[in-house]
Structures are given as structure tokens and as C-alpha cells.
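Novice:
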Amino acid sequence: MTKFELSYAYPFMSASFVLVFLISVILFQESITMYKVIGLGLIIIGIFVSSRGL
Numbered sequence: 001m002t003k004f005e006l007s008y009a010y011p012f013m014s015a016s017f018v019l020v021f022l023i024s025v026i027l028f029q030e031s032i033t034m035y036k037v038i039g040l041g042l043i044i045i046g047i048f049v050s051s052r053g054l
């Protein structure tokens, strides 16, 4: 992480939350609730906003 600029590294770190959610749904049949989908959407929006520098 010390060799990457934070503006490039942060979106990949945040994407890990999305990846964990998707893997838990596929492998462990985790339930998908409206609150989880809203949270996932907020994370994705945050990734786009932080990567564009808005």
C-alpha cells in the first residue's frame, strides 16, 4: 500500500466490502435484504465519488 497513490488504492480497498458481500451470498446463501442492498449501493457510490475526486 505504500507504493500506491491513495486516490488509486482507496477504491480497491472499498471494493473489498462489495466482494465479501457477493461471495457471502454465493457461497453461504446469505440473505439479501433491502438494507444490505442500500448499503452496497452507498459503498459503490462512494467509490465512484472518491475516484472522480468530487
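Residues in the sequence shown are numbered from 1 upward in steps of one, following the UniProt record's numbering.
Built from N, CA and C at the ideal position, the CB exists for glycine as well.
In this text, all values refer to a predicted model and were calculated from it rather than measured experimentally.
1) Measuring CA to CA, which of Ser50, Ile44, Ile32 and Thr33 is closest to Ser16?
2) By how many angstroms is the C-alpha of Lys3 removed from the C-alpha of Arg52?
3) Spatial neighbours of Ile32 within its chain, please: CB distance less than 7 Å, with the 5 preceding and 5 following residues excluded, ordered by chain position.
4) How many whole angstroms separate the CB atoms of Leu40 and Phe21, which I take to be in contact at a CB cut-off of 8 Å?
Specialist: From the atom records:
1) Within the sequence shown, the letter at position 16 stands for residue 16. Nearest of Ser50, Ile44, Ile32 and Thr33 to Ser16, Cα basis: Ile44.
2) By 1-based counting over the sequence shown, the position of residue 52 is 52. By 1-based counting over the sequence shown, the position of residue 3 is 3. Going by the C-alpha atoms only, they are around 20 Å apart.
3) In the sequence shown, the residue the question calls residue 32 occupies position 32. So the list reads Val25, once near-sequence residues are dropped.
4) In the sequence shown, counting from the first residue as 1, residue 40 sits at position 40. In the sequence shown, counting from the first residue as 1, residue 21 sits at position 21. About 6 Å separates the two Cβ atoms, so the contact holds.
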